[in-house]
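> Before I ask anything, here is the structure I am working with.
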Amino acid sequence: MFGLPDITVLAVGGVTLVVIAALLYWGLTFRGHD
Amino acid sequence: MAADFITIAVIVIYFLAMLGIGAWASRKIKNTEDYLVAGRQLGFWVFILLMIGTVASGMSLLGVSGLGFKAGWPTIWEQIFVPLSIGFCIIFFGVKLHNVAKTAGYITVQDYLAHRYESPTALRSLSAVAGVIVSLIYLVGQYSAIAIVLMWLFAIPLWLALVIATLITTIYTAIGGLYAVAWASLIQSVILIIGVLIMAPIIIFYAGGFDHINTYLAGVNPNLVMPWMPSGTFGIPYVVSFAVLLMVGLACAPHVINNVLAIKDVKYFKWAPLVAFLIYGVAMFLLKFTGFAGAVMVKEGVFTLPNVPNAGDFVILYGIQNSLPVMALWAVFAVIVLAAVMSTTDRLMLTIGAMCSWDIYKKVLKPDADDKTVLLLSKIVVILSALFTMVLAINPPEMLAILIWMGIGVMLSTFAIPLLAGLYWRGATREGALAAMSLGLVSSLTFGMLNYIKASVLGIDFGTIPLHFSAYSFIIAIFAMIIVSLLTKKTTDKVLDETQTGWFISK
């Protein structure tokens, strides 16, 4: 895909998705206080 | 190339806009708190774009594409972990620091360290001095980047490029403090993001498209399209240490972390990590692809880079020059690069000013100094730090990225452990923090220098070590903190409770 080996697409895409999922989870669960 | 009238006009308008922001912001400055933490009144978007602007530096445009040009896909990880550093800073440092700072009145992160470790003089001084050293290293890289752009655009000598860049940035930072820096960053970050979103696809298309670029790189060297190199620099161990370096090192950098003290409402921290990651991440990926496109164009003979040691840092500039044969657009692109660099430079100078005037002068040397004197000293230090780094930047290093990483590596080794242990481990002591910070600073400066000059010491070849040099000094700092803390007297429970120390992010 994109002229790249599968491992590159999987590694870079996978890590990016994991990061987005983690930050989404943080946004949904963070309450904070002031 | 030499600039025409429109080019000069575009650059001059941009510079005047920055000076205008400085003049406007200066009217809001009533005291040191206004100057250094913008009266703790930053809103959601100003904060996000300030964070992006602070992290997005000379490396983001010139260095990122330069590294992509040189080493291909194995360097792609900086596109994930640099944007993630903003989220790491907010989640692991920002929430707690902000909550404590509001009641304790912190101006700088050194205020927190002095409070948490009950060390109003020793740790505050050491951390301020270390902060000044690492900020200066980082600042040299930024001024080198500004000079590269101005030299390219106006065909002027390096010294003149440096003088122009220094003068403009210093004036608006010195007069407007964090208000000016934050609002300038808002504009600079918007220019940077929109500019990259428009210009990067044009360069990639001009080079033959994304698929062609990757296929061509794979034909030159199959490792250039792999996610890591088989061994050595950008091998898997190096990539892991590189990820930690960028994510944690940038997150705890004094000029980045101090921003969390200036936010108006802690609720902004809810979505700021994701929003910052998505916006900055897209721009960073596009920049790296631009470097790949430049590599293909150079190899195909579309253009040649100048015969200078840091030629890779010029690749995006020459890519633009060839893909968009309209000089006025080059000026717009030069403004984009200048915006990226200046948004970091101004914040760094202000941070150095804060550490010298607030942490060293007001809190250690002369506690009875009045606010007016501290404010004046902040401004003087901003100017002096600019002049000092301008002189250092006259001889730029071979690759911009290397100098800037060295700065981040020293930040990681010096600040990460005292901050993380201070916020989360009730067993961390003053002596442990002093040991971790001083050993982290000295070892990272030593390893960084040995790595840079590729020296061989005690049978170790520092030019080919498998991890980034900062990983070793980071580990030394961890051990120093744990061992010394276990052997020394604990911080009082009163202070630990006041600083909300414990294994939680937010109660």
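Here the protein sequences come in this chain order: G and U. Residues in the first sequence are numbered consecutively from -18, following our numbering. Residues in the second sequence are numbered consecutively from 857, following our numbering. By construction, the Cβ of each residue, glycine as well, lies at the ideal position given by its N, Cα and C atoms.
Buried or exposed: which applies to U:F861, given that a residue is buried once 16 or more other Cβ atoms fall within 10 Å of its Cβ?
exposed
> Whose Cβ in chain U lies nearer than 7 angstroms to the Cβ of G:R(-8)?
Per the sequence shown, the amino acid found at residue -8 of chain G is Ala instead of Arg. What G:A(-8) touches in chain U: P1083.
> How would you call U:Y1162, buried or exposed, if buried means at least 16 neighbouring beta carbons within 10 angstroms?
Rather than Tyr, the amino acid found at residue 1162 of chain U in this sequence is Pro. Label assigned to U:P1162: exposed.
> Could you list which residues in chain G have their beta carbon closer than 8 angstroms to that of U:L1130, in chain order?
I1, L4, L5, W7, G8
> Taking the alpha carbon of U:I1367 as the point to measure from, which residue in U:V911, U:L918, U:P1110 has its own alpha carbon closest?
Given that chain U is displayed from residue 857 to residue 1363, the structure contains no residue 1367 of chain U and the question cannot be resolved.
> Any residues in the stretch 932 to 948 of chain U with a beta carbon nearer than 7 angstroms to a beta carbon of chain G? Which ones, in chain order?
I932, I936, L940, G943, I947
> Does the Cβ of U:I1192 have 16 or more other Cβ atoms within 10 Å, making it buried, or fewer, making it exposed?
buried
> Got a sec, what are the start and stop residues for the alpha helix (DSSP H) U:I1331 sits in?
1325 to 1343
> Which partner residues of U:V1313 appear in the DSSP bridge assignment?
U:I1316
> Can you list, in chain order, the residues of its chain with a C-beta nearer than 6 angstroms to that of U:Y1217? Leave out the 5 residues immediately preceding and following it.
L1233
> Would the beta-carbon of U:T931 fall within 8 angstroms of that of U:F1141?
no
> Using C-beta distances below 6 angstroms, list every residue in its chain close to U:A957, excluding the 5 sequence neighbours before and after it, in chain order.
L1117
> So, helix, strand or coil for U:I932, using DSSP?
Three-state result, U:I932: coil.
> Write down the C-beta distance between U:G1209 and U:V1238 rounded to the nearest angstrom, noting that I regard them as a contact closer than 8 angstroms.
4 angstroms
> Just to confirm the assignment, what range does the alpha helix (DSSP H) spanning U:K1350 have?
Residues 1349 to 1354.
> Do the stretch 1066 to 1080 of chain U and the stretch -10 to -3 of chain G touch if we need at least three Cβ pairs shorter than 8 angstroms?
no
> Please tell me whether U:A1099 and U:W933 are closer than 8 angstroms, where the distance is taken between their beta carbons.
yes
> Cutting at 6 angstroms between CB atoms, please list the residues of its own chain near U:G1105, excluding the five before and the five after it.
I1264, M1267, L1268
> Could you tell me the distance, in whole angstroms, from the CA atom of U:W1214 to the CA atom of U:G1157?
54 angstroms
> For G:L(-15), decide whether its Cβ has a neighbour in chain U, counting only Cβ atoms nearer than 8 angstroms.
yes
> Using DSSP with H/G/I as helix, E/B as strand and the rest coil, what is U:I885?
coil
> Report buried or exposed for U:P1083, applying the criterion of at least 16 other Cβ atoms within 10 angstroms of its Cβ.
buried
> Quick check on this structure: which residue in U:V1188, U:L1342, U:F1125 has the alpha carbon closest to the alpha carbon of U:V1005?
U:V1188
> In chain G, which residues lie with their C-beta within 9 angstroms of the C-beta of U:F903?
Residues of chain G passing the Cβ test: none, with the nearest at roughly 14 angstroms.
> For U:T1320 and U:G1088, what's the separation of their Cα atoms in angstroms?
7 angstroms
> Cβ of U:V1122 less than 8 angstroms from any chain A Cβ?
Within the model displayed, chain A is absent; protein chains G and U are what it includes.
> Could you check whether U:S941 and U:A1107 sit closer than 8 angstroms to each other, using their CB atoms as the reference points?
yes
> Taking Cβ to Cβ, would you say U:W1186 is nearer than 8 angstroms to U:I1172?
no
> At a Cβ cut of 8 angstroms, what residues of the stretch 1133 to 1151 of chain U count as close to chain G, listed as they run along the chain?
F1133, L1134, G1137
> Return helix, strand or coil for G:D15, following the three-state DSSP convention.
Since pLDDT at G:D15 reaches only 49, below the 50 mark, its modelled position is unreliable, and the value read off the structure follows with that caveat. Three-state result, G:D15: coil.
> Measure from the C-beta of U:W1281 to each C-beta in chain G and report whether the shortest distance is under 8 angstroms.
False, the Cβ-Cβ gap to chain G never drops below 8 angstroms.
> Nearest-angstrom Cα distance between G:G8 and U:A1284?
30 angstroms
> Taking buried to mean at least 16 other C-beta atoms within 10 Å of its own C-beta, is U:A1056 buried or exposed?
buried
> Any idea what DSSP makes of U:I1113, helix, strand or coil?
helix
> Using only CA atoms, which one of U:N1070, U:A1195, U:P1322, U:W1281 lies nearest to U:I1024?
Each of U:N1070, U:A1195, U:P1322, U:W1281 was checked against the Cα of U:I1024, and the nearest Cα belongs to U:A1195.
> Please confirm if U:T1071 has its CB atom under 8 angstroms from at least one CB of chain G.
yes
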